[in-house]
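Student:
Protein chains: 2
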Amino acid sequence: MDDLLPGMLHLVRDGGETLTRQLTDQLRGLITKGRLAPGQRLPSSRELAQSLGLSRNTASFAIEQLAAEGYVTLSAGRRPVVAEGLSLDRSKSPPRSGRGGGARIRVSAWASSLQRSVWPPIHKERPRPFQPGLADEREFPHDEWSRCLRRAARNAPLRRDRPINHPPLQEALLRHLVVHRGIKAVANQILFVPTAQAGLALVANALLEPGDHAWVESPGYAGANVAFEAAGAIVSAVPLDSQGMVISSHKETPRLIFVTPSHQYPTGRLMPIGRRLELLRFAEATGACIIEDDYDGEFHYEARPVAALQGLAPSPRVFYLGTFSKATYADIRIGYVVVPEALIDLFELAQRHMGILTSITIQDALAEFISAGAYLGHVRRMTRLYRGRRDRMLQALATEAGNRLAVETPAGGMQLLARCRPRTNDQQLSARLLEAGVVSRALTRMLYHKTEERGLFLGFAAWNDKEIDQAARILGRIVR
Amino acid sequence: MDDLLPGMLHLVRDGGETLTRQLTDQLRGLITKGRLAPGQRLPSSRELAQSLGLSRNTASFAIEQLAAEGYVTLSAGRRPVVAEGLSLDRSKSPPRSGRGGGARIRVSAWASSLQRSVWPPIHKERPRPFQPGLADEREFPHDEWSRCLRRAARNAPLRRDRPINHPPLQEALLRHLVVHRGIKAVANQILFVPTAQAGLALVANALLEPGDHAWVESPGYAGANVAFEAAGAIVSAVPLDSQGMVISSHKETPRLIFVTPSHQYPTGRLMPIGRRLELLRFAEATGACIIEDDYDGEFHYEARPVAALQGLAPSPRVFYLGTFSKATYADIRIGYVVVPEALIDLFELAQRHMGILTSITIQDALAEFISAGAYLGHVRRMTRLYRGRRDRMLQALATEAGNRLAVETPAGGMQLLARCRPRTNDQQLSARLLEAGVVSRALTRMLYHKTEERGLFLGFAAWNDKEIDQAARILGRIVR
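As they're listed, the protein sequences go chains B and X.
Here the first sequence stands for residues 13 to 492, where the numbers follow my numbering.
Here the second sequence stands for residues 13 to 492, where the numbers follow my numbering.
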């Protein structure tokens, strides 16, 4: 053995790897391949060093490393021994390469259900008109933002005691929400989460028990449906009239109601005060909670934005959900939830258990961006820009598609719903548009009750006039 | 009415608010307070403008805003009418202020259980010795990092097609993990999540069905227990011997096994290759999956770090979990999971459904930080520094506490376990230390089976020699 082992090793003196590493790796390889058998004695590190012409240290380090990893066993005054039980019996193992290998892993029912989910729509390519949900990030003051971010990162060492939700951002955002959205809260009711979707999951997990009923709008935002279903709830689709969700006493009493009162998703309709109060009275009477998703409430084109439900509610049962990804840029990955004051500690604990925390560096940069007025300035500039684009879009669609599409004028937001004739195959239409380079979302993908409504959901905010006109021409050609 | 209304309004011409806004807010107030009754006719906007001495536009905007919000109803050629159904019947409502108000909200069983959870330990104050889990952030190259971050933020507009997991970071991290941790994977098997805890929740939700069995180490990391319990699993605590988890056939067959083989949490022990292979064989035989949490595997002090389980596994059933929060700084909020290749698409969909996405700007900054060598340079420097601090800590504890504490020398990582005599009240001891300014975690808080083991979990990485000596003196005084 003392003679054999050196012949099995091939150390390269001017290779990229140290001799210690080469020796360790090669010995480990001989053991795992079975060329050095369990129980076999190895030379001592002194003998090994001599026969290989290495320093004693090099050989010792290698042997000790293998002992630390458990490949060899050391005992005082004796030569190292190859450890027992190191075979994995690979003959029985499936091949580990290829996509088939992992298919044997049984996933949960929830994970299986994801494969059938139509949410979220994923466009892996560069965004194209009229992909909904996008802000025009070309207009965002990236330079100013990157200065805020750098400053916040440089100041990080000064912030050693760190709550998970940054008080300066809570205060800056609260001032904004009170003035512009009519929120009634104290600053630490605002919790920051990586995405609005994580905020939905947070509220759903904290309130819903398996078997509870939850109401969503139909048509509506499927992200709510999937969050509630993941929490085990039975989701009921509630149809809309011109004022929004039709509060019906026919359905099972809900534990949680999801609404988008500022600009209903996807119709863009504003829920008037009467329906808002009706909804709040219903929640009071039944003990239901409400998630008010104000996803793009910043952008309102007809008069001023309407005050949020949260500020109207007589008791704290509205969870106000917002995001910075529409009013700044999608990649910022900061959403927020305004929770009832009595539940702050519980929700912060839930954030930690779910691991949905966001960087204080980014929260601090955002606090400066808001406090310096850059946020409101950007929102105001974008509101003017997007209003113009909405009007351009309405005009372009009227010109190109005429009476084939009935377009609802949205009161605000970044997208609109163009209704097709009943029973049109809007998914097929959307697929044909995609082939021609125009992105849309079929209304039937957002409907959860039986109806003959059909349409296309189209984003206008991220595209300039030329892009809008061009894409409208393509759309017109295809719908005619 | 035409005469009455002006008397109810008090507009200030050089106030901070525009006249339109004052008029709208005051009219809305009169309606919500019931001073203008449902069904009551208001003056036309022309009449209102005249009687108040306002421009016609100002009065029109106010009336239209209230109509948009639903407070008044407009019909062609007629005067505006106060809308019906605007009362909330506040007499029946509870007061909305105070922490008692929200207590009426019924939360889920999971949310209730959080209030009894001892995880995570939360220290709201400035970190103090020997708080476990902390890196020395004073040593982190914040300036270099902030330059990477700024550059990444400025380049954001150039990145319009954005996968949720950034390929340049996947590639940079993979090169690091292959060389330093023995991972076998392709780059897009690496998914980035806001925290390691979110990574645990991701794997738990994707694999566990309610009633499934999951194994955790005892003592061990409670974040795994809570993630598995949240997914409905029955968690079994598996005791350790000197090699780590004792694989027993007495317990129910697990669906998922959580281990920390690099430096067991909290004992700091390394799982030798024999136990690693035994665990892998057991997983193969039973169809179980393994989460290998390599939370501080970067810092290894005896010889080289041992190769990860993930790279040894004969088939893809190991989920390798890591975080940048130990090797960079806690606030970076980027964890990662290496998932089996066949499950990449499913897990990315699960990330979207759970909303656990992280900013590509940060991912891009981190890719540059790694590629430029700054990451490895920092890890190497910290490894030398932390090894010295570990040794200082061992020495200081021996001097100050003598045989009252039996300290295990950890093979790596940022903390160590100091065992007390059996049946010591380690929670009381930890509380007394906290009063004296020394933070620790009682071993019994991390034990999930019946045993007389007692001890204190102490972090050494974030403290310099002087801080270590001072805190050890306090600790010595209290344990003696």
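For every residue, glycine included, the Cβ atom is placed at its ideal position computed from N, Cα and C.
Predicted, not measured: the structure shown is a model, and the values here were computed from it.
In whole angstroms, what separates the C-alpha of residue 377 (chain X) from that of residue 60 (chain B)?
Tutor: 46 Å
Student: Taking C-beta to C-beta, are residue 77 (chain X) and residue 36 (chain X) nearer than 8 Å?
Tutor: yes
Student: Just the Cα atoms here: how many angstroms apart are residue 474 (chain B) and residue 149 (chain B)?
Tutor: 7 Å
Student: Are the CB atoms of residue 80 (chain B) and residue 423 (chain X) within a distance shorter than 8 Å?
Tutor: yes
Student: Give the DSSP bridge partners of residue 229 (chain X), in chain order.
Tutor: X:250
Student: My understanding is that residue 203 (chain X) touches residue 177 (chain X), with C-beta atoms under 8 Å, so please give their C-beta distance in whole angstroms.
Tutor: 5 Å
Student: Taking 8 Å as the CB-CB limit, is residue 232 (chain X) close to chain B?
Tutor: no
Student: Should the region 358 to 375 of chain B be regarded as contacting the region 435 to 450 of chain B, the criterion being three or more beta carbon pairs within less than 8 Å?
Tutor: no
Student: Counting only Cβ pairs nearer than 9 Å, list the residues of chain B close to residue 284 (chain X).
Tutor: 79, 80, 81, 82, 83 and 95
Student: Which residues in chain B sit within 7 Å of residue 158 (chain X), going by Cβ to Cβ distance?
Tutor: 162, 165 and 166
Student: At 7 Å on the CB atoms, spell out the chain B contacts of residue 343 (chain X), in chain order.
Tutor: 168, 174, 371, 372 and 373
Student: Would you verify that the beta carbon of residue 136 (chain B) is, or is not, closer than 8 Å to some beta carbon of chain X?
Tutor: yes
Student: Looking at the C-beta of residue 274 (chain X), does it have a partner C-beta in chain B at a distance below 8 Å?
Tutor: no
Student: Considering just the uninterrupted stretch of the beta strand (DSSP E) at residue 143 (chain X), what are its terminal residues?
Tutor: Here residue 143 (chain X) belongs to no beta strand (DSSP E), and DSSP marks it neither H nor E.
Student: Cα-Cα, which of B:191, B:49 and B:251 is closest to residue 29 (chain X)?
Tutor: Nearest of B:191, B:49 and B:251 to residue 29 (chain X), Cα basis: B:191.
Student: Is it buried or exposed for residue 207 (chain B), if we count other Cβ within 10 angstroms and need 16 for buried?
Tutor: buried
Student: Inspect the beta-carbon positions of residue 139 (chain X) and residue 146 (chain X) and report whether they are closer than 8 Å.
Tutor: yes
Student: Tell me where the alpha helix (DSSP H) around residue 190 (chain B) begins and ends.
Tutor: First-last of the alpha helix (DSSP H) with residue 190 (chain B): 179 to 193.
Student: Counting pairs of Cβ atoms below 8 Å between the region 405 to 419 of chain X and the region 470 to 488 of chain X, do you hit three or more?
Tutor: Pairwise C-beta distances place the region 405 to 419 of chain X in contact with the region 470 to 488 of chain X, as three or more of them are shorter than 8 Å.
Student: Can you say whether residue 74 (chain X) is buried or exposed, counting buried as having 16 or more other CB atoms within 10 angstroms of its CB?
Tutor: Buried, since its Cβ has 16 or more Cβ neighbours within 10 Å.
Student: So for residue 6 (chain X), helix, strand or coil by DSSP?
Tutor: Nothing in the structure corresponds to residue 6 (chain X), since chain X is present only between 13 and 492.
Student: Between which two residues does the beta strand (DSSP E) holding residue 348 (chain X) run?
Tutor: For residue 348 (chain X), the enclosing beta strand (DSSP E) starts and ends at 347 to 350.
Student: Quick one: which chain X residues come within Cβ less than 8 Å of residue 154 (chain B)?
Tutor: Residue 154 (chain B) reaches chain X at 165, 166, 168 and 169, counting residues in chain order whose Cβ is nearer than 8 Å.
Student: Look at the alpha carbon of residue 325 (chain B) and the alpha carbon of residue 460 (chain X), and state the distance between them as a whole number of angstroms.
Tutor: 44 Å
Student: Find the nearest neighbour of residue 117 (chain X) within the set B:358, B:281 and B:413, judged by alpha-carbon distance.
Tutor: B:358
Student: Considering only their Cβ atoms, is the gap separating residue 353 (chain B) from residue 328 (chain B) smaller than 8 Å?
Tutor: yes
Student: Under 9 Å between beta-carbons, which chain B residues line up against residue 459 (chain X)? List them in chain order, please.
Tutor: Result: empty, since nearest Cβ-Cβ is about 20 Å, beyond 9 Å.
Student: Does the distance from the CB of residue 275 (chain X) to the CB of residue 425 (chain X) come in under 8 Å?
Tutor: yes
Student: Since residue 470 (chain X) contacts residue 427 (chain X) with CB under 8 Å, what's their CB separation in whole angstroms?
Tutor: 6 Å
Student: Under a three-way DSSP split, which group does residue 44 (chain B) fall into?
Tutor: helix
Student: So, does the region 262 to 272 of chain X touch the region 156 to 163 of chain X, judging by three or more C-beta pairs under 8 Å?
Tutor: no
Student: In chain B, which residues lie less than 7 Å from residue 126 (chain X) when you measure between Cβ atoms?
Tutor: 358, 361, 362 and 365
Student: Quick check on the DSSP output: the alpha helix (DSSP H) that includes residue 499 (chain B) runs from which residue to which?
Tutor: Absent from the structure is residue 499 (chain B), since the part of chain B shown begins at 13 and ends at 492.
Student: To the nearest angstrom, how far is the alpha carbon of residue 293 (chain B) from that of residue 98 (chain X)?
Tutor: So the two alpha carbons sit approximately 10 Å from each other.
Student: Between B:379, B:491 and B:20, which has its C-alpha nearest residue 41 (chain B)'s C-alpha?
Tutor: B:20
Student: Near residue 223 (chain B), what residues of its chain come up, given a Cβ to Cβ distance below 6 Å and the 5 sequence neighbours on each side ignored?
Tutor: none
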